[in-house]
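Each residue of the sequence shown is one higher than the last, beginning at 1 in the UniProt record's numbering. Glycine included, each C-beta is placed from N, C-alpha and C at the ideal position. None of the values given here were measured: they were computed from a predicted structure.
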Amino acid sequence: MAEANNPISPTRFASALESLPLDALHAKAAEIQNSIAHLKHSNDQMLPFAEEGDQECKEAMFENLTVIGRMNERVRLLKEEVERRGYLWGEEVGGDEKVVNGLATAGAAVNGAPPPTVNGGSVRQSGRLTDEELRRRMEERMADVDDGEDDDGVHL
């Protein structure tokens, strides 16, 4: 019964991650980050009572901070596992880019289709365009049409 109260060690957690698929790693990170957000919200709600001297609130807040620290460590381990596999972690992608299944994209996936993937220096296309990629390509084509001298109609 005492085992149930002790959290899994970081070493055991990291070794368990090795067998999980990439999408499960991202799902676990999202789950942990959601839990962290709830614990922070809980601490925000208890803060006025703790400031008034409520010892139980102070202890609960301290316990929440301890759990948040463990959870941040697990998110760090998830990040390391994703990067060990050669993928990008969400916070490292800048600008308008998003991360879908560990891959940087210029926009959101369309109908859940992942973006082109980079693996070992080669690019594999999924056969689908994101909304952003389609918009960019259409703007390029329209610019080419506007620059052309030949306005004899539509060319197929």
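Looking from the CA of Asn-6, the closest CA among Arg-70, Ala-143, Glu-81 and Leu-134 belongs to Arg-70.
Between Leu-17 and Leu-77, the C-beta gap is smaller than 8 Å, which places the two residues in contact. Inclusion of Glu-80 and Leu-25 in the CB contact set at 8 Å is not warranted, their separation being larger than that value. Spanning the alpha carbons of Asn-34 and Leu-20 requires a straight line of approximately 20 Å.
A straight line joining the alpha-carbon of Asp-44 with that of Ala-29 spans about 22 Å. In this model, Ala-60 and Glu-140 are separated by some 57 Å (Cα to Cα).
Within the same chain, and ignoring the five residues on either side of Phe-49 in sequence, the residues whose Cβ sits closer than 7 Å to its Cβ are Cys-57. Exclusion of the five residues before and after Ile-32 leaves Met-71, Arg-74, Val-75 and Leu-78 as the residues of its chain whose Cβ lies within less than 8 Å of its Cβ.
Following the DSSP letters along the chain, one finds Asn-64 inside the alpha helix (DSSP H) bounded by residues 55–84.
Leu-39 and Asn-64 do touch by the CB rule: their CB atoms are close to 5 Å apart, below 8 Å. In terms of Cβ geometry, Leu-22 and Arg-85 form a close pair [threshold 8 Å]. The beta carbon of Ala-27 is closer than 7 Å to none in its chain, skipping five residues each way along the sequence.
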